[in-house]
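In what follows, a single structure is set out as structure tokens and then discussed.
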Amino acid sequence: MNDGCVMWMRNVLSHSCSVNGRCHQVTVSLKFPGKTRVSKEARKLVQCLCCEAGDRLSYEEITCLPFFTGVDWSNLTDFVPPYIPVGGCEDDTSNFERFEPELRLPNVELFRSQRGQISRKDLPFVGFIKDLSGPLTRHSKKTATILLHRNLGEERGSSGMAGFKLGIVRLGRAAGKTKYSLLDERDIPLVENYAFEAQVEVDKDGNGARVFAFCWEIEKGRALGNFVHNILWERHCGGIAPGYKVVHKNGVTVDNRLENLTLVAQAKPLKIQEGTKTDSRENNLYWIAIQQLPPDPIDEHFPEMSQSKVYNANGEEMEEEEEGTIYYECHYPPCTLIEEEMHQFSICGRCQQARYCGTRCQQKDWPAHKKRCRERRKNAVEDDSPVDR
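Residue numbers (full-length UniProt numbering): 1 to 389.
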């Protein structure tokens with residue numbers, strides 16, 4: 001690159017900085033806007049450089065222009081510049097202007113006009129808090145939540161739930177399904193500093209398996225993680241004494257609302273008041289909330305990945321053909337039950353794959369399951385007998 005080209009580019013930048021605009025076809029018509037205050041010296045400099053190469057001033061002629069009066073060109077490299085930009089690396093953009101991203105909220109009036117009718121395609125699934133009284137508030141993209149129009153307190157005959165906010169955290173896939181955890185409104189900010197996942201725990205005493213919500217501080221790493229119910233109990237109620245454990249009152253091990261947690265002695269198992277009847281489970285808040293979520297994209301587009309998984313007594317995933325004690329999970333998404341005994345759950349008679357804890361779960365899951373349920377074909381038995389020709 002020759003000096004003439006360098007001078008041309010410098011002059012174009014000088015013109016742009018002076019008039020706050022671009023210069024087009026300056027060799028044909030070079031004009032300075034009347035509203036722009038540009039000194040005579042600066043105009044002379046621009047006119048002498050923004051021209052044909054044969055008419056352009058040389059380096060020595062430029063240093064003699066009135067615009068540079070008082071500049072000691074011979075010692076210029078030894079002076080401290082008037083402004084020293086601070087940059088950390090080559091791609092540092094800290095000196096550029098920053099623009100706040102535009103916050104786009106969904107059309108709330110659209111949902112209000114539906115008069116309580118919820119359409120799955122219109123559900124604002126990720127990044128919102130569920131407010132049972134109606135308003136919609138923004139929170140975090142890490143929190144998977146839903147929007148309902150009817151007050152669950154009124155539906156279940158409880159007036160104490162008015163204005164109640166509920167957070168649903170997506171834990172990821174475990175045991176063949178996408179898992180979620182319920183949190184109180186005050187615990188929703190945990191998603192900013194914690195990473196969440198679903199974890200399958202198998203009771204060594206033969207009491208079956210359960211899916212728990214596991215989390216850890218992002219800065220400290222997974223090795224220092226703990227179950228969500230333990231972290232929430234220590235956060236609101238203090239430490240857990242030796243010989244005690246935190247359990248879930250309704251038996252739903254991912255329902256981590258504080259009112260659903262209690263502290264019991266490890267040697268004394270908690271007696272669940274609601275039992276495991278389907279009618280009782282359908283009345284709990286977790287069951288109601290999960291049924292409002294839209295289908296998981298993996299279940300919709302990759303049904304082969306949503307098959308029921310089996311686990312042995314050590315919590316290790318096994319193949320169905322393997323012998324030994326195995327635990328199946330209920331295929332219905334809102335249900336969190338896993339077998340406590342071998343062959344406890346019923347099996348879909350058509351595909352011979354999906355397992356259900358009861359008839360009610362199988363009936364409710366059928367509208368979604370029938371889309372990918374295929375009749376199991378038996379392997380054809382080869383006939384090795386000679387064929388008469």
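Each residue gets a CB set at the ideal place from its N, CA and C atoms; glycine is no exception.
Values in this document were obtained by computation on a predicted structure and should not be read as measured data.
Closest by C-alpha distance to residue i, when choosing among the options
i: G56; options: P66, K44, F67; result: Checking the sequence, you will find Arg at residue 56 rather than Gly. The candidate whose alpha carbon is nearest that of R56 is K44.
i: V202; options: Y328, L258, Y332; result: Y328
i: E341; options: V191, C351, C357, C348; result: C357
i: E234; options: Q353, L263, T253; result: L263
i: Y180; options: D72, E339, W287; result: W287
i: I62; options: T359, V46, E52; result: V46
i: L182; options: L232, P367, N226, F32; result: L232
i: C51; options: K31, P367, C64; result: K31
Inter-residue spacing [alpha-carbon to alpha-carbon] between residue i and residue j
i: V246; j: N260; result: 10 Å
i: A174; j: A198; result: 6 Å
i: F68; j: E97; result: 30 Å
i: D184; j: L190; result: 11 Å
i: D72; j: G88; result: 31 Å
i: A42; j: T77; result: 23 Å
i: T93; j: F99; result: 12 Å
i: T359; j: G239; result: 41 Å
i: Q266; j: Y244; result: 5 Å
i: L171; j: T178; result: 7 Å
i: C237; j: C215; result: 18 Å
i: L166; j: D91; result: 42 Å
Exposed unless 16 or more other CB atoms sit within 10 angstroms - verdict on residue i
i: H343; result: exposed
i: N75; result: exposed
i: H248; result: buried
i: K220; result: exposed
i: A223; result: exposed
i: D365; result: buried
i: Q363; result: exposed
i: E375; result: exposed
i: G251; result: buried
i: Y59; result: exposed
i: F79; result: exposed
i: V126; result: Note on V126: pLDDT 38, under 50, position unreliable in the model; the coordinate value appears next. It is exposed - the Cβ of V126 has fewer than 16 other Cβ atoms within 10 Å.
i: C361; result: buried
i: N226; result: exposed
i: C64; result: exposed
Coarse secondary structure for residue i, derived from DSSP in three states
i: K44; result: helix
i: F214; result: strand
i: L166; result: strand
i: E197; result: strand
i: R235; result: helix
i: K141; result: Because K141 sits at a pLDDT of 41, beneath the cut-off of 50, its placement in the model cannot be relied upon, and the following sentence gives the value as read from the coordinates. Reduced to three states, the DSSP call for K141 is coil.
i: S181; result: strand
i: N284; result: coil
i: Y83; result: coil
i: A209; result: strand
i: T262; result: strand
CB of residue i within 8 Å of CB of residue j, strictly
i: A209; j: V228; result: no
i: A289; j: I168; result: yes
i: T355; j: C330; result: This sequence places Arg at residue 355; Thr is not what is there. The answer is yes: Cβ separation under 8 Å.
i: E242; j: Q291; result: For clarity, residue 242 is Pro in the given sequence; the question names Glu instead. Result no, Cβ atoms of P242 and Q291 do not sit closer than 8 Å.
i: N256; j: E217; result: no
i: N95; j: P82; result: no
i: T336; j: V211; result: yes
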